[in-house]
Amino acid sequence: MATGRYDTDVVIVGGGPAGSAAAIACTARALRVRLFEREGFTRERPGETLHPGIEPVLEQLGIGSARLASVTGARYEGIWIDWNGARRFELFGQDVQGAWRGFQVQRSAFDAMLLARAAEAGALVRQPCAVSGLLMRDGVVRGVVAGGEPVTAHVVVDASGCTQWLRRQLGIDAASRSPQLIARYGYANGTCPQRDAAPQMNGDASGWIWTAMIRPGTYQWTRVSLNGEKVSADWMPDELRHLAPQGPSRGADVTWRIAGDVARPGWFMVGDAAAVLDPTSSHGVLKAILSGVTAAHLIAAVLADKASADDAAHAYHDWLEDWFNTDAAQLAHFYRELGVSGFG
Ligand SMILES: Cc1cc2nc3c(=O)[nH]c(=O)nc-3n(C[C@H](O)[C@H](O)[C@H](O)COP(=O)(O)OP(=O)(O)OC[C@H]3O[C@@H](n4cnc5c(N)ncnc54)[C@H](O)[C@@H]3O)c2cc1C
Numbered sequence: 000m001a002t003g004r005y006d007t008d009v010v011i012v013g014g015g016p017a018g019s020a021a022a023i024a025c026t027a028r029a030l031r032v033r034l035f036e037r038e039g040f041t042r043e044r045p046g047e048t049l050h051p052g053i054e055p056v057l058e059q060l061g062i063g064s065a066r067l068a069s070v071t072g073a074r075y076e077g078i079w080i081d082w083n084g085a086r087r088f089e090l091f092g093q094d095v096q097g098a099w100r101g102f103q104v105q106r107s108a109f110d111a112m113l114l115a116r117a118a119e120a121g122a123l124v125r126q127p128c129a130v131s132g133l134l135m136r137d138g139v140v141r142g143v144v145a146g147g148e149p150v151t152a153h154v155v156v157d158a159s160g161c162t163q164w165l166r167r168q169l170g171i172d173a174a175s176r177s178p179q180l181i182a183r184y185g186y187a188n189g190t191c192p193q194r195d196a197a198p199q200m201n202g203d204a205s206g207w208i209w210t211a212m213i214r215p216g217t218y219q220w221t222r223v224s225l226n227g228e229k230v231s232a233d234w235m236p237d238e239l240r241h242l243a244p245q246g247p248s249r250g251a252d253v254t255w256r257i258a259g260d261v262a263r264p265g266w267f268m269v270g271d272a273a274a275v276l277d278p279t280s281s282h283g284v285l286k287a288i289l290s291g292v293t294a295a296h297l298i299a300a301v302l303a304d305k306a307s308a309d310d311a312a313h314a315y316h317d318w319l320e321d322w323f324n325t326d327a328a329q330l331a332h333f334y335r336e337l338g339v340s341g342f343g
C-alpha cells in the first residue's frame, strides 16, 4: 500500500463527473485523495441528458435513486431523431417492465451532488481552488501546485475537462480526428409544449440541432455546423425563438480528439481531459464517470503492488483508445448518412 512519503496518494485536478467519480472510487479503495475544483457550481452547464444506464453506475458510487431524483428536471423514454428528413422515435431501451427512462439533470446540481459525495466518502475537496502548476522530479510527475501551494502525490489524475490541462502541461499532442467543430449552445425560459415529451435531434448535411426541456420552463439547445459555416451568437432554433434567452449563447470546441498518451506512471487523464467527441456521441458524462472509476481501480492496483505502473498505464490507454475509436467510427457512419465525410 502507498506510503506517507507524499502529501497524498492521489491528487485530482477538476471536480466534474470524471474527477468526482475517480475520487469516490479511490477513497472506496482506502486511498488518500485531494481534489481541487477551480469553479463554484452555480452556472448552467451543457451535458444534461443522461442515458438510463447511468443509474446503476451512480448507485455503485453511493448515489441512490432519491439523490439522483433531487437533481432531475425531467425523464424521457427516448429522443426524436430527424436525420435528413426521416423522422423516428428512438427508445433508450426496454425490458419486460417497459421502456427505460433517461434523465434530464441540472448539471450544476448534478456536479455538486457528485462532488459532495466525494467529500462524504473521505476525499479532501477544495473548491474553488485552481491547479496552476505541475511538480516533476527526475522527469516523473510528482504532484501539482494548487492554490499556490505544492501538493505531492503518488499519482496525479487530470479531470480538467476539455481544456486538457495536463496534456498541455506535458506537451502531449492530440491529433484531431474531425474537422474543427464548435458546438454553440444556449438556454431559454418559457414554454414549448412540443418539446416537453422528449428531446429532438434534427440533422442534415449542414449540421445538426438539439433541443430539449431540461426542467419545466427551461429549454436547452445545441447547434453544430458540419459545413464550416459559423453559427452567429444570436442564433436560436426556430421552435424556441419565442422564448426568452438566458443570456448570450456560448461555444465549446468539440473537435474529435484524443491525447497521444492518456496515462503514464504517475498520471492518468480521465473524461474530456483524455478524449473529446462531439455531443452526438452522447453519454459524455457516463464515459467521464466510467473512465474515472477505471483509472481509480488501476491506481489502487499499482499502489497495492498488484500491478506495475507501466502495465496499468498501458491497459488504461488501450481501453480508452479502443472505446474512442469505436465511438468515432459509429459517429462517422452516422454523419455519412447525412452525406458528410472527413470524420474518423
Ligand atoms: C454543448 C454540449 C452538450 C453536451 N451534451 C451532453 C449530454 O446531453 N449528455 C452527456 O452525457 N454529455 C454531454 N456533453 C458532454 C459532457 O458535457 C462532457 O463529456 C462531460 O462534462 C465531461 O466531464 P468531465 O468531468 O470530463 O469534464 P467537465 O465536466 O468539463 O469538468 C471538468 C472540471 O475541471 C475543472 N477544472 C478545469 N481546469 C482546472 C484546474 N486547472 N484546476 C482545477 N479545476 C479545473 C473545471 O472547472 C470543471 O468543473 C455535452 C457537451 C457539450 C459541449
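Numbering-wise, numbering that gives the first Met the number 0 puts 183 at position 184 of the sequence shown, and it's gapless, one number per residue. In this text, a Cβ means the ideal position worked out from N, Cα and C, and glycines have one as well.
#### Entry: Spatially closest choice to L90 from W99, N83 and V275, by CA coordinates
Closest in alpha carbon position to L90, among W99, N83 and V275, is W99.
#### Entry: Buried versus exposed call for P45 [16 or more other C-beta atoms within 10 Å across all chains shown]
Classified as buried, P45 has 16 or more neighbouring CB atoms from the shown chains inside 10 Å of its CB.
### Task
Kindly examine ligand 1 and report whether one of its heavy atoms sits closer than 6 Å to the Cβ of V12.
yes
### Query
Going along the chain, which residues of its own chain have a beta-carbon closer than 7 Å to the beta-carbon of V70, five neighbours each way excluded?
V104, Q105, A108, F109 and M112
### Task
Check the Cβ-Cβ distances between L57 and every residue of chain B, and say whether any is below 7 Å.
Protein chains in the displayed structure number just one, and chain B is not present.
### Message
Using 8 Å as the cut-off, can you tell me whether the stretch 56–65 makes contact with the stretch 75–90, which would need three or more C-beta pairs spanning the two stretches below that distance?
### Response
no
#### Entry: Chain-order list of residues whose beta-carbon lies under 6 Å from that of G146 (same chain, five-residue window excluded)
C128
### Message
Which same chain residues end up closer than 8 Å to R194 when comparing Cβ atoms and leaving out the 5 residues on each side of it in sequence?
### Response
T210, A211, M212, Y218, E238 and L239
### Message
Going by C-alpha to C-alpha distance, which of G101, A182, V9 and M235 sits closest to A346?
### Response
Coverage of the chain is limited to positions 0 through 343, which leaves residue 346 absent and any answer about it impossible.
#### Entry: Beta-carbon gap between A152 and G142 smaller than 7 Å
yes
### Query
Unbroken beta strand (DSSP E) runs of length 3 or more, entirely within the stretch 37–93: which are they?
71–75, 77–82 and 85–90
### Task
Closer than 8 Å by C-beta to Q329: which residues in its own chain qualify, once you throw out the five before and the five after it? Chain order, please.
S280
### Task
Inspect the beta-carbon positions of A308 and P244 and report whether they are closer than 7 Å.
no
### Query
How would you call M135, buried or exposed, if buried means at least 16 neighbouring beta carbons within 10 angstroms?
Exposed, by the Cβ-count rule.
### Query
Considering only C-alpha positions, which residue in the set P236, R214, R166 and G246 is nearest to I257?
R166
### Query
Leaving out the 5 sequence neighbours to the left and right, which residues in its chain are closer than 8 Å to P51 when beta-carbon positions are compared?
F91, G92, W99, R100, G101 and F102
### Query
Can you tell which of G84, A115 and V95 has its C-alpha closest to the C-alpha of G61?
Cα-wise, what sits closest to G61 is A115.
### the stretch 16–34 in contact with the stretch 272–292 per 3-pair CB rule at 8 Å
yes
### V95, buried or exposed, once every other Cβ within 10 Å from all chains shown has been counted against 16
exposed
### Best match in S177, A295, W164 and V130 for proximity to S340 [C-alpha to C-alpha]
S177
### Query
For E148, which three-state DSSP category applies?
strand
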